[in-house]
Amino acid sequence: MPTIPLTEPPVQLQDLAWAKTEANAIAPLLNTQAITGADATKAYITQLLPKARLIHIATHGLLDDIRQLGIPGAIALAPSDEDNGFLTAGEIYDMKLNAELVVLSACSTGQGKITGDGVVGLSRCLIAAGVKSVIVSLWSVGDLSTALLMVKFYQIFQQGVAAAIALNEAQRWLLGINKTELAAWVKTNERFFDATLKMNLRHRLHQLDDNAKPFENPRHWAAFCAIGQ
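Heads up: the sequence shown at position 71 corresponds to 71 in the UniProt record's numbering, and the numbers run straight through without jumps.
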């Protein structure tokens with residue numbers, strides 16, 4: 001993870017423990033390979049973005065205008081010898097993208113500077129660059145619940161359901177599912193989840209009653225919203 005250069009002292013971003021788990025869970029649904037860790041450099045990712053139809057990014061999302069260009073927001077990618085790893089909203093604005101959907105599963109990616117025209121940030125810059133629909137998180141969400149929500153979202157989305165509707169259905173599923181139903185669903189879909197996720201889910205569910213709903217609190221699902229078509 002890169003270092004935020006404008007703080008005193010500079011702040012080293014911590015790796016998101018669940019980002020790789022989330023990416024590896026979603027990749028089979030999209031018939032692709034996840035790009036994680038040091039491989040996810042800014043240079044490599046920006047080379048791939050214009051060619052992609054679906055883009056899912058699980059990482060830190062920053063609100064500050066780290067280059068002081070007046071457009072808040074940046075995505076933290078892997079740093080390299082050529083750059084610090086930050087893909088800013090301003091750089092995204094200047095791209096030509098053709099994606100049907102971009103999902104930013106990150107900390108605080110949906111917020112930006114509030115103006116008379118609405119929220120200015122990563123989501124608006126993606127739309128301006130040509131992306132049809134964007135799903136962003138408005139606050140930091142638990143990684144376990146996010147991984148479950150996103151797998152369910154893509155399962156619905158790939159049935160031809162519009163992104164906003166698929167997200168709403170996945171959110172209602174997550175808030176309403178109980179321990180017994182969730183355990184059965186994970187078993188049916190276990191090929192999407194690595195050992196770490198399954199172990200942590202078992203630990204979370206262990207002491208709950210069978211009818212308990214472990215993710216009904218809005219903090220687990222309400223942060224995500226769809227923007228665009």
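The beta carbon of each residue, even a glycine, is placed where N, CA and C say it ideally should be.
Euclidean distance between Cα positions of residue i and residue j
{"i": "residue 127", "j": "residue 93", "result": "8 angstroms"}
{"i": "residue 218", "j": "residue 224", "result": "10 angstroms"}
{"i": "residue 194", "j": "residue 21", "result": "7 angstroms"}
{"i": "residue 187", "j": "residue 180", "result": "11 angstroms"}
{"i": "residue 115", "j": "residue 104", "result": "Caution applies to residue 115, whose pLDDT of 39 falls short of 50 and renders its modelled position unreliable; the model cannot decide the point."}
{"i": "residue 39", "j": "residue 78", "result": "7 angstroms"}
{"i": "residue 202", "j": "residue 190", "result": "13 angstroms"}
{"i": "residue 82", "j": "residue 41", "result": "10 angstroms"}
{"i": "residue 220", "j": "residue 213", "result": "11 angstroms"}
{"i": "residue 91", "j": "residue 54", "result": "19 angstroms"}
{"i": "residue 76", "j": "residue 37", "result": "11 angstroms"}
{"i": "residue 222", "j": "residue 150", "result": "13 angstroms"}
{"i": "residue 210", "j": "residue 196", "result": "22 angstroms"}
{"i": "residue 31", "j": "residue 154", "result": "12 angstroms"}
{"i": "residue 305", "j": "residue 167", "result": "For residue 305 there is no data in the structure shown, the boundaries of the chain being 1 and 229."}
{"i": "residue 19", "j": "residue 199", "result": "16 angstroms"}
{"i": "residue 52", "j": "residue 95", "result": "13 angstroms"}
{"i": "residue 207", "j": "residue 47", "result": "46 angstroms"}
{"i": "residue 131", "j": "residue 80", "result": "27 angstroms"}
{"i": "residue 139", "j": "residue 192", "result": "25 angstroms"}
Residue i classed as buried or exposed, judged by whether at least 16 other C-beta atoms fall within 10 angstroms
{"i": "residue 177", "result": "buried"}
{"i": "residue 58", "result": "buried"}
{"i": "residue 85", "result": "buried"}
{"i": "residue 152", "result": "buried"}
{"i": "residue 69", "result": "With a pLDDT of 49 at residue 69, under the threshold of 50, the modelled position of this residue cannot be trusted; read the value that follows with caution. Exposed."}
{"i": "residue 99", "result": "buried"}
{"i": "residue 73", "result": "buried"}
{"i": "residue 56", "result": "buried"}
{"i": "residue 226", "result": "buried"}
{"i": "residue 45", "result": "buried"}
{"i": "residue 165", "result": "exposed"}
{"i": "residue 65", "result": "Only weak support exists for where residue 65 lies, its pLDDT of 49 falling under 50; the value from the coordinates is given anyway. The residue in question, residue 65, is buried, as its Cβ has 16 or more Cβ neighbours within 10 Å."}
Beta-carbon spacing of residue i, residue j below 9 angstroms
{"i": "residue 259", "j": "residue 23", "result": "Residue numbering for the chain in the displayed model covers 1 to 229; residue 259 lies beyond these limits and cannot be assessed."}
{"i": "residue 124", "j": "residue 163", "result": "no"}
{"i": "residue 148", "j": "residue 215", "result": "yes"}
{"i": "residue 97", "j": "residue 129", "result": "yes"}
{"i": "residue 184", "j": "residue 205", "result": "no"}
{"i": "residue 102", "j": "residue 135", "result": "yes"}
{"i": "residue 33", "j": "residue 25", "result": "no"}
Cβ-Cβ separation, residue j to residue i (assumed contact under 8 angstroms), whole Å
{"i": "residue 229", "j": "residue 137", "result": "Their Cβ separation, rounded to whole angstroms, is 19 angstroms, which puts residue 229 and residue 137 out of contact at 8 angstroms."}
{"i": "residue 158", "j": "residue 29", "result": "7 angstroms"}
Near the ligand MG: residue i beta-carbon under 8 angstroms from a heavy atom
{"i": "residue 181", "result": "Summarising the ligand content, the structure contains no ligands, and the ligand MG is consequently not present."}
Contact with chain B by residue i, beta-carbon distance below 9 angstroms
{"i": "residue 220", "result": "As a matter of chain content, chain B is missing from the structure shown, which is built from one protein chain."}
The segment 158-173 contacting the segment 137-144, beta-carbon criterion three pairs below 8 angstroms: no
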